[in-house]
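A.B. asks: Quick one: the structure is below, and I'll ask about it shortly.
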Amino acid sequence: MRVLTGTMLVVVAGCSAAEPPVTVHPVRGQVLYDGKPAQGVKVYFIPTSAPVVPQIPMNPHGVTGPDGSFELSTFGTNDGAAEGGYQVVLDWPEPAGEGEEEDMTDRLLGWYGPVHSKLTVTVTAGANVVPPFKLAAVSRPPGEVQGVPGKN
Numbered sequence: 001m002r003v004l005t006g007t008m009l010v011v012v013a014g015c016s017a018a019e020p021p022v023t024v025h026p027v028r029g030q031v032l033y034d035g036k037p038a039q040g041v042k043v044y045f046i047p048t049s050a051p052v053v054p055q056i057p058m059n060p061h062g063v064t065g066p067d068g069s070f071e072l073s074t075f076g077t078n079d080g081a082a083e084g085g086y087q088v089v090l091d092w093p094e095p096a097g098e099g100e101e102e103d104m105t106d107r108l109l110g111w112y113g114p115v116h117s118k119l120t121v122t123v124t125a126g127a128n129v130v131p132p133f134k135l136a137a138v139s140r141p142p143g144e145v146q147g148v149p150g151k152n
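Counted from 1, the sequence shown has number 143 at position 143 by the UniProt record's numbering; the numbering is strictly sequential.
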């Protein structure tokens, strides 16, 4: 009977909702491309002076809606990001037609990928509203990087 009771306690204790090991704060923003809302842009915040995996399960991320707005998720849907500095990486895949898989071609041509993006954000305690990312239209990929990626 003692073994059964001990097993039940472990099972019940394992079912409780644990607090995330890092406090996160709501973060929202908007992506504009050539002055218009950009729908379907994948937004990634890459920690530069913020907690990293394994303190967090994955980098904060979101996807823009029809009005170009996004909210970040780290531990759960739209819960935000931990305090600290981030490089912002954007990927805008071609939209998939009905019944098709998403095209992996980046409409931003790599300008806002991890090597070339110069977009940075600092997340602070409380609600964070990031100023809109105003992206100019691009027609060709960026050139080769000399120096430190993301810092040139």
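Don't be surprised by glycine CBs; every beta carbon is placed ideally from N, CA and C.
Only a predicted model underlies this, so the values are computations on that prediction, with no experimental measurement involved.
By the 10 Å Cβ neighbour count, where 16 or more other Cβ atoms means buried, how is Pro21 classified, buried or exposed?
C.D. replies: Flag for Pro21 reads exposed.
A.B. asks: Give me the residue from Gly76, Val53, Asp91 with the minimum Cα distance to Asp103.
C.D. replies: Cα-wise, what sits closest to Asp103 is Asp91.
A.B. asks: Who are Asp106's beta bridge partners in DSSP?
C.D. replies: Partner(s): Pro93.
A.B. asks: Given this structure, state the Cα-to-Cα distance separating Tyr112 from Thr64, to the nearest angstrom.
C.D. replies: Their Cα atoms are separated by approximately 15 angstroms.
A.B. asks: Is the beta carbon of Ile46 sitting closer than 7 angstroms to the one on Thr74?
C.D. replies: Not in contact: Ile46 and Thr74 (Cβ atoms no closer than 7 angstroms).
A.B. asks: Taking just the CA atoms, how far does Tyr44 sit from Asn59?
C.D. replies: Cα to Cα, the separation comes out at about 7 angstroms.
A.B. asks: Return the residue from the list Thr120, Gly110, Ser69, Leu32 that minimises the CA-CA distance to Ala50.
C.D. replies: The residue with the shortest Cα to Cα distance from Ala50 is Thr120.
A.B. asks: With which residues is Lys118 paired in a DSSP beta bridge?
C.D. replies: Beta-bridge pairing links Lys118 to no other residue.
A.B. asks: Is the beta carbon of Pro132 less than 7 angstroms from the beta carbon of Gln30?
C.D. replies: The answer is yes: Cβ separation under 7 angstroms.
A.B. asks: DSSP three-state label for Glu135, please.
C.D. replies: Checking the sequence, you will find Leu at residue 135 rather than Glu. It is a strand residue.
A.B. asks: Under the DSSP definition of a beta bridge, which residues are partnered with Asn128?
C.D. replies: DSSP output for Asn128 lists Val27 as bridge partner(s).
A.B. asks: What's the gap between the Cα of Gln87 and the Cα of His61?
C.D. replies: Those two C-alpha atoms are separated by around 12 angstroms.
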